[in-house]
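Trainee: Take the sequence shown: its letters are residues 61 to 482, numbered as in this note's numbering. The structure that follows is given in the form of structure tokens.
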Amino acid sequence: MNQAASREISQRQAYYALFVLWLVNVLANIDRFSVGIVLQKIKTDLQLTDTQLGLFSGAAFVVSYVAFGIPVARWLDRGIRRNILSLAVGVWSLMTLATGMAANFVQLAMARAGLGAGEAACAPGAMSLIGDYFSRDWRTQAVGIFHSALPAAGILGSPLIGFITDRYGWRTALITFGLVGIVLALIIRFTIREPARGAMEKYDAPLAGGASHSFTDAIAVMYRNRAYRYLLISHGLYGMASFAFVAWYPVILVRSYGMTYTEVGIFIGTVLGIAMLIASVASGYVCAAVTRRTSNERWLVILPAAFCLVSVPAMVVTCLDVSKAVAMAGGVVVLFFAVARTPPTLSLAIDILPSSMHGLTTLVYMIITTMVGSAFGPLIVGAVSDAVAGSMGDASALRYALLMTAPAFGLVGAVLAFLPAR
Numbered sequence: 061m062n063q064a065a066s067r068e069i070s071q072r073q074a075y076y077a078l079f080v081l082w083l084v085n086v087l088a089n090i091d092r093f094s095v096g097i098v099l100q101k102i103k104t105d106l107q108l109t110d111t112q113l114g115l116f117s118g119a120a121f122v123v124s125y126v127a128f129g130i131p132v133a134r135w136l137d138r139g140i141r142r143n144i145l146s147l148a149v150g151v152w153s154l155m156t157l158a159t160g161m162a163a164n165f166v167q168l169a170m171a172r173a174g175l176g177a178g179e180a181a182c183a184p185g186a187m188s189l190i191g192d193y194f195s196r197d198w199r200t201q202a203v204g205i206f207h208s209a210l211p212a213a214g215i216l217g218s219p220l221i222g223f224i225t226d227r228y229g230w231r232t233a234l235i236t237f238g239l240v241g242i243v244l245a246l247i248i249r250f251t252i253r254e255p256a257r258g259a260m261e262k263y264d265a266p267l268a269g270g271a272s273h274s275f276t277d278a279i280a281v282m283y284r285n286r287a288y289r290y291l292l293i294s295h296g297l298y299g300m301a302s303f304a305f306v307a308w309y310p311v312i313l314v315r316s317y318g319m320t321y322t323e324v325g326i327f328i329g330t331v332l333g334i335a336m337l338i339a340s341v342a343s344g345y346v347c348a349a350v351t352r353r354t355s356n357e358r359w360l361v362i363l364p365a366a367f368c369l370v371s372v373p374a375m376v377v378t379c380l381d382v383s384k385a386v387a388m389a390g391g392v393v394v395l396f397f398a399v400a401r402t403p404p405t406l407s408l409a410i411d412i413l414p415s416s417m418h419g420l421t422t423l424v425y426m427i428i429t430t431m432v433g434s435a436f437g438p439l440i441v442g443a444v445s446d447a448v449a450g451s452m453g454d455a456s457a458l459r460y461a462l463l464m465t466a467p468a469f470g471l472v473g474a475v476l477a478f479l480p481a482r
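This is how it looks when you write it as structure tokens:
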């Protein structure tokens, strides 16, 4: 371990930087998902079709995120991450502003694509910095705090966007958060410090000084790492299950239990949001504490795999013809453990590969476990539901489709998630 380099960043500076990175992640999730809240307003104002709304809100972002993700991750692995992240936050915030000023579909799609390009630096840049701000003993809980920004964005951002939209319009809501992002970009650039790359590693990384290594070399290192391969496969499969559940669970509450959209929104924003926030922070602290006490990093594999496994029976129960209270409780259990698995898994992903690859490591993990899961999981459930709806009715068909798919993907993913511990 490079003791001289590690002393360059004090504990206070590291935790301040973590707080700023948490704010970045909150803003990224608000900017990414806020458009869903104002989608109907945009449709009415600009006279768009549902197809155009789907292309604008989904495809434009995802395609751009993936296309720009790899070069941005490589840049993060070679350049000054603080400066790159500051630039990225500024870019996506300007794109949020541009979305609020758009006058037609083309302008909306271009702004959304720009948002995807900017946000491609968020998780890779932040995780790379966290990896060099915190030692392995404390890294998992730092990742848990960072990851808690996702539910926090839902708890804090969604009501605020709704309030501003109702009071002043959707354009003002987006422009407001765009301006906040520009201020945050300046805070990143001028108040947090760039840590020495690899300062917290306990070994000499194979690709230390990775600026001289090619993209194909980095991919080869990832492929040869057996534990990382199993992480991608197992959590990619579980990601399909969890994203399918997240996408269709609110619809089940409406179709099968007669809940209003307002009731579902309040339930998701309060009960589920708070449960996921607790899960993220608690998971990071618990996994870090167990790993430190036992001096055995296999717990970073075993615990998240166990979290995945525990969630599967709850998925099954929630999809059955049960009471509304049981279905709501089941949803809380599923999402609690689905969120709890992420901090230790992300921490392990950057622990087992060289520090010079942390940006690319995080990006590949995010694409496989998040982008692929969110693209195919909900689609498969929707296709099965459509196929059986004629004979079962919409409500029963959706429960059946989710029951036949999500627990299966989740169980296989959970079992495979134990393999990196071997």
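Built from N, CA and C at the ideal position, the CB exists for glycine as well. In this text, all values refer to a predicted model and were calculated from it rather than measured experimentally.
Counting C-beta neighbours from all protein chains within 10 Å, is the total for G270 16 or more, i.e. buried, or is it exposed?
Mentor: With a pLDDT of only 41 at G270, under the threshold of 50, the placement of this residue in the model should not be trusted, and no figure is reported.
Trainee: Which value, in whole angstroms, describes the spacing of the CA atoms of V123 and A169?
Mentor: Their backbone Cα atoms lie some 11 Å apart in a straight line.
Trainee: Taking its Cβ as the centre, do 16 or more other Cβ atoms sit within 10 Å of G114, making it buried, or is it exposed?
Mentor: The residue in question, G114, is exposed, as its Cβ has fewer than 16 Cβ neighbours within 10 Å.
Trainee: Can you have a look at Y228 and say buried or exposed, based on whether 16 or more other CB atoms are within 10 angstroms of its CB?
Mentor: Y228 should be labelled exposed.
Trainee: Taking all protein chains shown into account, do 16 or more other C-beta atoms lie within 10 angstroms of the C-beta of I326, making it buried, or fewer, making it exposed?
Mentor: Label assigned to I326: exposed.
Trainee: Nearest CA to the CA of R315: which residue from W135, S407, L413, Y460?
Mentor: For R315, the nearest C-alpha among the options comes from Y460.
Trainee: How is the alpha helix (DSSP H) around M464 delimited, first residue to last?
Mentor: Taken as a continuous stretch (DSSP letters only), the alpha helix (DSSP H) holding M464 covers 454 to 476.
Trainee: Which residue comes first and which comes last in the alpha helix (DSSP H) that contains S55?
Mentor: Nothing about residue 55 can be read from this structure; the chain reaches only from 61 to 482.
Trainee: Could you pull out every unbroken alpha helix (DSSP H) segment of at least 4 residues lying fully inside the region 289 to 341, listed in chain order?
Mentor: The qualifying runs are 321 to 327.
Trainee: Name the residue from V203, L157, A245, R249 whose alpha carbon lies nearest to the alpha carbon of W230.
Mentor: Selected option, being the one with the closest Cα: L157.
Trainee: Answer with buried or exposed for Q201, where buried requires no fewer than 16 other C-beta atoms within 10 angstroms of its C-beta.
Mentor: Answer is buried; the Cβ neighbour count reaches 16.
Trainee: Would you call S434 buried or exposed, if buried means 16 or more other Cβ atoms sit within 10 Å of its Cβ?
Mentor: Classification of S434: buried, given that the 10 Å Cβ count is 16 or more.
Trainee: Specify the secondary structure class of D110 as computed by DSSP and reduced to three states.
Mentor: Helix.
Trainee: Under DSSP, the alpha helix (DSSP H) around S124 begins and ends at which residues?
Mentor: Residues 120 to 138.
Trainee: Inspect the beta-carbon positions of V329 and L234 and report whether they are closer than 8 Å.
Mentor: Going by the sequence as given, residue 329 is Gly instead of Val. Contact flag unset, no.
Trainee: When you compare the CB positions of L420 and D137, do they come within less than 8 Å of one another, or not?
Mentor: Yes.
Trainee: Could you tell me the distance, in whole angstroms, from the CA atom of L81 to the CA atom of T378?
Mentor: For L81 and T378, the distance between alpha carbons rounds to 35 Å.
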